[in-house]
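The structure appears right after this line, and notes come after that.
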Amino acid sequence: MFPKEAIFAVAALLASLLPSAARIPRWLWIGVSGGAILLIGATVQSHAPLAQLVGRWPRYEGLITLSVYVMALWFGSHLLGATAGADRILIFRRAVSVASIVLAAVSIAEAFGLEPIQTTASRSGALLGNATDQGVVGVMFFAVLAVPVARHWAFPDAPQARGSGKKDARNKGTPLPGLRPWLALAGTASALVTVVISASRAAFLSLMLIIVALIALELVRRRILTNNGLRELSRSTARDKRTRAGLVGGIALASIGFVLLAFPLITLRLFGLTPLSGRTISDRGMIYRAALDVGWRHPLTGVGPSGFVDAVPSFLGSNWYGTVGPNVTLDSPHNWILQALVAGGIPLAVLALALAVGVAMVGILRWTRAVGVGSDLDRSRPDHLAGAGLAILGFGVALMTDFTSPGTTVFAALLIGSLVSATPRAAAGALLRRGDPLWRQFGRMVRTIAFGGIAILLIIAAAAEIPLQWGADSAAAHDVTQARSQFDTALALRPWDSDAASIAGQLMAQQAEQQVPGAADAATVFATRSLMATPGSVQAAKALAVGQQYSGHLADARATLAALKRKVPLDSGVVLRLGGVDVLLGNYPSAETELLQATRLSPKDPAPWEALAYLYGRTGDLSAAAAATAHSKKLTLQVR
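Reading the sequence shown from the start, the letters are residues 7 to 646 in our numbering.
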């Protein structure tokens, strides 16, 4: 995540040195500022104000990542805003085309079992973090490129205005001025391939809506141009264009069909026929109910940015822990409206909806004006606005079942900034432009310095990923000394990141359960450090309990687990470990109670029955031990 943000921050820093094409409109600044105030207010009332203000794992959507999102808004308006020339739009389309081709190449490689980027996921998505994000980016790339490509191949304008022998100023260029049509077509086709291989149903739904909206926009556009005097195409020219469009469309559909037939797993997942895909749908219902419960408990302020990860475990029911398991970390409601609700309460949810409506209305207004007025920008501007609007539509639809992340939101925010940008109040030049007021030059310098500071911070944060990964590798190799050294280096680079310590503690806890010498003490140290900053972290508390148990501090482990059980009483993993610690402490009646509860919470898990067999063996109840052992073996066979 941090490498992506660091690269973009450097790009924004360089962009700040260039002349501005537009500015972010005042209403959007007010809305964003209002959202920031609501989030800060919610953070102050949270259980971990500093950690949540900065941002927490895995998306760190506090000051760090949200600042990058705002930079993306500015970037889109600054370089691709209201007065951006055709040359800038051309460069943008070229960049998107190349990026789309690269993304498709990585997706194809992953579909064939190759791993250009190491990952443990069974679906493509390593380049952007997960398959859904990769599919959503493919959808946005398709939207940006499909508008000019479709008009070049299928929806050409007439070369002359009605009743005039002169060419219309709007049509003196091609729909793809300066951009090789086949490059744009390859980028569009690559985007489709990426969406298909991602097997993301959210991305597919977004893609279908974009195609329908594209046709609707084209009908509206042609009506506007006809009303302004555009002549219809000759029949022969229109027939040639539509024949070529049909050929290209047929090839695209055939390619999608080939991919679906060549990779049955993709087809099965899209239609919900795999066990995991079917379970994902039912999981969403449990997530939404839990998110609504969190929002209902904190209606005015929410739980602050990144606070959902610690708040939601108390609201998850036994079905969640029984089907999904106790080791899955849920950090988002997987719905952008609910995400706003739990982060900042009802006020932030209402503000988010208002901003979404505002972006839609202003975007439509900007596009209709660009189509109707016409200028020396030829068709680049209205086509760019249409593509940006369709991409934002697809992004918003996908977020109804997904979550925001830098891999998708940065590009979407850039397009929003470009779509709703306002004309500069005065000619905005580069960093230091002769003749500009001193205060304006000073403001640009402050902005550039701020961007530079954010870029440096993100580069350092990204660098911490290297020792963090090396530490994980060392831990997996049972080299505790080297792992601790690497984790300490990562924490030195990101001292504000309490979740890095939590991750280190969890990895060490895994090794402690394998009886690796020194791992238990390391787990205790790192988990304690994490809990000092985020006392409500369930994952860090679990790691601490493991460290305490395997380092021989059983009473401390029991106290930690008892507190955890009060927070997450339906977590079968916590109840099971609490029962196991009671066995080691000799609290046999309490241990039996906890272990029997664990069997009820997770009826298909053989582990509680194995623990019960051990308990009954220690108490001398051999018949009960034999029965528990038999039941454990039966469940083990069923799992296999």
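Using N, Cα and C, we set each Cβ at its ideal position, and we do this for glycine too.
These numbers were taken from a predicted model, which means no experiment stands behind them.
| Check | Outcome |
| --- | --- |
| Tell me which residue opens and which closes the alpha helix (DSSP H) that residue 620 is part of. | 613 to 625 |
| With distances taken Cα to Cα, identify the nearest neighbour of residue 424 among 584, 88 and 54. | 88 |
| Based on Cα-Cα distance, which residue from 430, 95 and 518 lies nearest to residue 32? | 430 |
| Do residue 144 and residue 200 have their CB atoms nearer than 8 Å? | yes |
| Helix, strand or coil for residue 29? Go by DSSP, reduced to three states. | strand |
| Flag this pair as yes or no: are the beta carbons of residue 564 and residue 582 separated by less than 8 Å? | no |
| In terms of DSSP beta bridges, what is residue 358 paired with? | Residue 358 is not bridged to any residue. |
| Considering only heavy atoms of the ligand ADP, does any lie closer than 7 Å to the CB of residue 631? | The model depicted lacks the ligand ADP and carries no ligand whatsoever. |
| In this structure, what does DSSP give as the bridge partners for residue 428? | 29 |
| Compare the C-alpha of residue 2 against each of 404, 70 and 530 and name the closest. | What the structure shows of the chain is the stretch from 7 to 646, and residue 2 is not part of that stretch, so it cannot be assessed. |
| Hey, out of 347, 8 and 205, whose CA is closest to residue 48's CA? | 347 |
| Assuming residue 19 contacts residue 454 under a Cβ cut-off of 8 Å, what Cβ separation, rounded to an integer in Å, is found between them? | 7 Å |
| I want to know whether the segment 329 to 336 touches the segment 386 to 397 - three or more CB-CB distances under 8 Å. | no |
| Note down, one range per segment and in chain order, each beta strand (DSSP E) of at least 3 residues found wholly within the segment 375 to 427. | none |
| Is residue 344 helix, strand or coil when you go by DSSP? | helix |
| Could you tell me the boundaries of the alpha helix (DSSP H) in which residue 7 lies? | Run containing residue 7: none; DSSP gives neither H nor E here. |
| Can residue 324 and residue 601 be called in contact, C-beta distance under 8 Å? | no |
| Just to check my reading of the structure: residue 457 and residue 7 have Cβ atoms closer than 8 Å, yes? What is that Cβ distance to the nearest angstrom? | Their Cβ separation, rounded to whole angstroms, is 19 Å, which puts residue 457 and residue 7 out of contact at 8 Å. |
| Out of 605, 640, 595 and 96, which has the shortest C-alpha to C-alpha gap to residue 622? | 595 |
| Considering only the alpha carbon of each residue, which of 23, 45 and 519 lies closest to residue 353? | 45 |
| What is the DSSP secondary structure of residue 66, counted as helix, strand or coil? | coil |
| Could you tell me whether the segment 512 to 521 touches the segment 541 to 560, where touching means 3 or more Cβ pairs closer than 8 Å? | yes |
| Less than 8 Å between CB atoms is the rule here; does residue 214 satisfy it with respect to chain E? | Looking at the structure shown, chain E is missing, and only one protein chain is on hand. |
| Would you mind reading off the limits of the alpha helix (DSSP H) that contains residue 573? | 560 to 573 |
| Is the number of C-beta pairs between the segment 632 to 643 and the segment 607 to 622 that are closer than 8 Å three or more? | yes |
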